[in-house]
Amino acid sequence: MKQNYMQLTRVFSDDEAQINKKLPKELLLRIFSYLDVVSLCRCAQVSKAWNVLALDGSNWQRIDLFDFQRDVEGPVIENISRRCGGFLRKLSLRGCQSIADGSMKTFAQLCMNVEDLNLNGCKKITDSTCQALSRYCQKLQRLDLGSCSAITDISLKALADGCPNLTHLNISWCDQITESGAEALALGCPKLRVFICKGCLQLQDKAVACLAKNCPNLQVVNLHGCSNITDDAVQQLAENCPKLHYLCLSNCTHLTDSSLVLLAQHTPLLATLEVAGCSQFTDTGFQALAKACHMLEKMDLEECVLITDATLIHLAMGCPRLDKLSLSHCELITDEGIRHLGTSPCAAESLTVLELDNCPLITDASLEHLISCHNLQRIELYDCQLITRVGIRRLRNHLPNIKVHAYFAPVTPPPSAGGSRQRYCRCCAIL
Amino acid sequence: MQEDPFPAAERILSDIESVFIKDPELKEFDILPITLNQNKSPVHHVENCLGLELWCVRHVYSYAYHRLFDMRQQKNRRADPEVQSRLLIGALLLNPDVQTFWNMRRELVQACRLDCHTELRFTSIVLSRKPKCSEAFSYRKWIVTKLVTGGEKGQSLLNRELNVAKTAANRYANNYHAWQHCIWSLVHLAPCDMYPEIHLEEWTATRIWVTMHISDHSGWQYRQYILQQLCGPLGSKIPHTHEENYLYRYIQPLLHSSNVTQKPSDSDSQLPSAKGDPDQPFQYPFAEDIKKCSNMRIVQCLNFVLSEIDLSTDLITRYPGHEALWYHRRFLLSFLKSFIDQNNCIIISGENSDCRKHKNTFSSTALNNYDLSAECVSFQSRASGGSSGEVTSSDIHVFEIIREMLYLVAQAMSKHEKCFVSSCVAGDENQQRFCSQYNTWLTQVLRLSVPT
């Protein structure tokens, strides 16, 4: 027994183990580099040699700790920083709420080559983290500070000073950010391509204009819920950023048709437009847009309450690539509009998702018109009270794979909730 | 490809969740008896009340149940906490008796994904539909403990806990869990030695409640708990209600009726109430002496018990045939007996050890020490004015007076109970049965001896 054990240990001991003998360190490292975080940590416990190999910084270039967010505390980051040093290119700490400035400062000092850093939801982070990043991490390209609500303009000024290569920035829900921060950022980071600032209520036209003028490469802009901006901001974006292909202006309620007209004139590449809740938009604006932006693929028009069938007619004619269209709560839409959509080129080729929930005028006739949409995968019909089960069944007969979302319950009863636990499910028994 | 049989479940769940987020004043949840299934949202939100149509309940619950248990079984693949929370809201509203779901919420709270105060609100809405759900109450206790250890003030939480529990008690008769929650809240958030006035408030407030819910065993039990606290070692700081002279309200009339004045008109079942003229001269021994200790705590305690016996007499005669009332009376009598016995013991031991040894040097510190060790009644006589320094000989005399008074009360009570029983014998069938059982109990268990 004991002898066997001795042999076994000898086989796996560092020098004797076959794999360690046969392969050079470089190849072993290469193999390790394909493993994920969990496997690496397991390998590190096998032997001393493997520990050295598994924890070699070169294996740790990209780390995503989202799965361990609850357990990630400051010392974890400091250890990782020490291990990885200059090797680390990408680190995601999304949702790791325990992380605070101290460990992030250590990180910035040790991992100077980091390019992609995700701190979304690390709520304890403050400006001093960004100042440290600015001081040490000049190669930083992508930074996500979403929901780090302690962040202020000081952070943006620091980033503008120290991280000129920044291309992606997310400062959603950092509601302390104001004009001056955004302006500093625009001047310091001209390479910015992606700018996401959902819910930054203090941002106004001037900030957006400054970004638009200084960052001509902007392609993705998300101003969801920045309710203070007006048509002027959209004008600056449209005129200065011709590469724009994603724009979200949802819940910017001051915007009018002239925004749509300006976008139509200047941004022919626009592929995604989200304008949910922009209730001043009318058919006129969408007519102009549909005539000019032929690349449009995804449109969210939820609660654009003024639009009618005319918008659908123009979209049907002008946007052959249309893939996802949301018309939730567009209460003036009727079967006629859907008929045009159904016969359009986009319908046959590209349309995959159509949301018509809370469109009270839609009837089963609309579903008939959509029979020719071969690619349609999902249709939302919640609260469309003129739609019947029969109409849905007919649509299903033509498009067998479609997911129809409505409040109709299936005729077959649901599987009972948990066999042996049935006695607990009293509500189902009583009802 | 296995398709989701009811994709709307997800939407219904998110509708329910958004009502919770949008309406901080939400009060109630219930299921609406609507079986007609149209393409219409089954979630109704009217006047801070949330309703779900009946037809979708099976489907939504089944959906949430299966998804949650799938998540539970693959624990290593951590699920999105937001999705999990949404599913849990739906599942727990429809069926709050599943401990696993509550445990999943506990895990989310511990991971700081859910806010404790929102959770308290959520459980109160769960309780609005299932007021007897013990899992919901125990979850509340867990949250409250967490808040208190986190430094939140107990008293601010107490009112909400009492309100929630009492609402539940109103919705479901004999709601043991709700009243137990009240007791728990008092013990943990407002112990009697620190918040005597809250106990006194509860004592007066529940009096009204029990008179309207005479058959509620659990409600009576809560009252019994408060009585024990008021008369117990922690109740020594109960404020004196100055408007009312304890002696005159219940004790004197009791002594008066059953011991001395032996007019036939006084032997009726009712305890003579305060209508007796307080200036009437006393005829029983020690009458004048007892008058001196009218503001002492022991008198105050006796007054609590006697007033409750009076209430019990009143309710039993007014609502014949309710078992809960008779059981409450048994409690009161045995409580009174043990109270008297205990205090007699203390007085005798006090006299033997302290008084006899240091006859005239019986200091107030000795008296105070004796209070603490005796764990029953504080003899801090307010009548003797501050009781600083040496205690006068009249204060030593107080012991004897009290002992005599307790003896008199015990005698009077025995007699009173016999009268009461004899007055209740005539009545409906149940009342007769309860009454004779009570009588047997009095003689055999309590060994009440009727003075001749």
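Quick mapping for you: the protein sequence lines, in order, are chains A and B. Letter 399 of the first sequence, counting from 1, is numbered 399 in the UniProt record's numbering, and no numbers are missing. Letter 220 of the second sequence, counting from 1, is numbered 220 in the UniProt record's numbering, and no numbers are missing. We treat Cβ as the ideally placed atom computed from N, Cα and C, and that holds for glycine.
Identity of the residues DSSP links to residue i by a beta bridge
i, result
"Asp-30(B)", "Gly-51(B)"
"Cys-248(A)", "Asn-222(A), Glu-274(A)"
"Phe-195(A)", "Leu-169(A), Val-221(A)"
"Arg-62(A)", "Lys-90(A)"
"residue 488(B)", "Nothing in the structure corresponds to residue 488(B), since chain B is present only between 1 and 452."
"Met-299(A)", "Leu-273(A), Leu-325(A)"
"Val-43(B)", "Leu-52(B)"
"Asp-144(A)", "Asn-118(A), Asn-170(A)"
"Arg-42(A)", "In the DSSP output, where bridge partners are listed per residue, Arg-42(A) has none listed."
Per-residue burial, residue i [other beta carbons within 10 Å of its own, 16 or more giving buried]
i, result
"Asp-216(B)", "buried"
"Asp-310(B)", "buried"
"Val-126(B)", "buried"
"Lys-22(A)", "exposed"
"Ser-33(A)", "exposed"
"Val-208(A)", "buried"
"Ile-31(A)", "exposed"
"His-177(B)", "buried"
"Thr-412(A)", "exposed"
"Leu-260(A)", "buried"
"Tyr-407(B)", "exposed"
"His-329(A)", "buried"
"Ile-21(B)", "exposed"
"Thr-267(A)", "buried"
"His-405(A)", "buried"
"Val-299(B)", "buried"
"Ser-414(B)", "buried"
"Ile-19(A)", "exposed"
"Gln-138(A)", "exposed"
"Val-57(B)", "buried"
"residue 455(B)", "Because chain B is modelled from 1 through 452, residue 455(B) falls outside the range shown and cannot be assessed."
"Lys-105(A)", "buried"
Coil, strand or helix - residue i by DSSP
i, result
"Lys-324(A)", "strand"
"Leu-354(A)", "strand"
"Arg-113(B)", "coil"
"Glu-404(B)", "helix"
"Lys-337(B)", "helix"
"Asn-228(A)", "coil"
"Lys-403(A)", "strand"
"Arg-378(A)", "strand"
"residue 432(A)", "Chain A is shown from 1 up to 431; residue 432(A) falls before or after that span and cannot be answered."
"Gln-155(B)", "helix"
"Asp-80(B)", "coil"
"His-340(A)", "helix"
"His-199(B)", "helix"
"Leu-88(B)", "helix"
"Arg-447(B)", "coil"
"Ile-333(A)", "coil"
"Cys-301(B)", "helix"
"Cys-293(A)", "coil"
"Val-305(A)", "coil"
Integer Cβ distance of residue i from residue j, believed to fall under 8 angstroms
i, j, result
"Ala-79(B)", "Ile-214(B)", "Not really, about 50 angstroms apart at Cβ, beyond 8 angstroms."
"Glu-17(B)", "Arg-86(B)", "5 angstroms"
"Ser-372(A)", "Gly-337(A)", "Between Gly-337(A) and Ser-372(A) the Cβ distance is about 16 angstroms, and since that is not below 8 angstroms, they are no contact."
"Cys-189(A)", "Pro-216(A)", "Wrong, their Cβ atoms sit about 12 angstroms apart, outside the cutoff."
"Val-187(B)", "Ser-124(B)", "Not quite, the Cβ-Cβ distance comes to about 20 angstroms (not below 8 angstroms), so this is no contact."
"Gly-121(A)", "Ser-98(A)", "Rounded, the Cβ-Cβ distance is 11 angstroms, inconsistent with contact."
Residue i CB to nearest heavy atom of the ligand SAM below 7 angstroms
i, result
"Gln-110(B)", "Judged by which ligands are present, the structure shown has none, so any question about the ligand SAM falls away."
Chain B contacts made by the region 160-179 of chain A, where a contact means CB separation under 7 angstroms:
none
When you check each C-beta in the region 360-393 of chain A against every C-beta of chain B, which residues fall closer than 7 angstroms?
Leu-381, Tyr-382, Asp-383, Cys-384, Gln-385, Ile-387
Would you list, in chain order, the members of the region 393-407 of chain A that have their beta-carbon closer than 7 angstroms to a beta-carbon of chain B?
Within the region 393-407 of chain A, contact with chain B at the beta-carbon level (separation under 7 angstroms) is assigned to Lys-403, His-405, Ala-406, Tyr-407.
Output, in sequence order along the chain, the residues in the region 318-350 of chain B whose CB is closer than 9 angstroms to any CB in chain A.
none
Residues within the region 126-158 of chain A neighbouring chain B, beta-carbon criterion of under 7 angstroms:
none
Please name the residues in the region 186-197 of chain A whose beta-carbon is closer than 8 angstroms to at least one beta-carbon of chain B, in chain order.
Those would be none; no residue qualifies.
Of the residues that make up the region 31-42 of chain B, which ones have a beta carbon closer than 8 angstroms to any beta carbon in chain A?
Ile-31, Asn-37, Gln-38, Asn-39, Lys-40, Ser-41, Pro-42
Could you name the residues of the region 279-308 of chain A whose beta carbon sits closer than 9 angstroms to any beta carbon of chain B, in the order they occur along the chain?
none
Using a Cβ-Cβ cut-off of less than 9 angstroms, list which residues of the region 264-277 of chain A approach chain B; keep chain order.
Of all residues in the region 264-277 of chain A, none has a Cβ within less than 9 angstroms of some Cβ in chain B.
Looking at chain B, which residues of the region 96-126 of chain A have a Cβ within less than 8 angstroms of any of its Cβ atoms?
Gln-97
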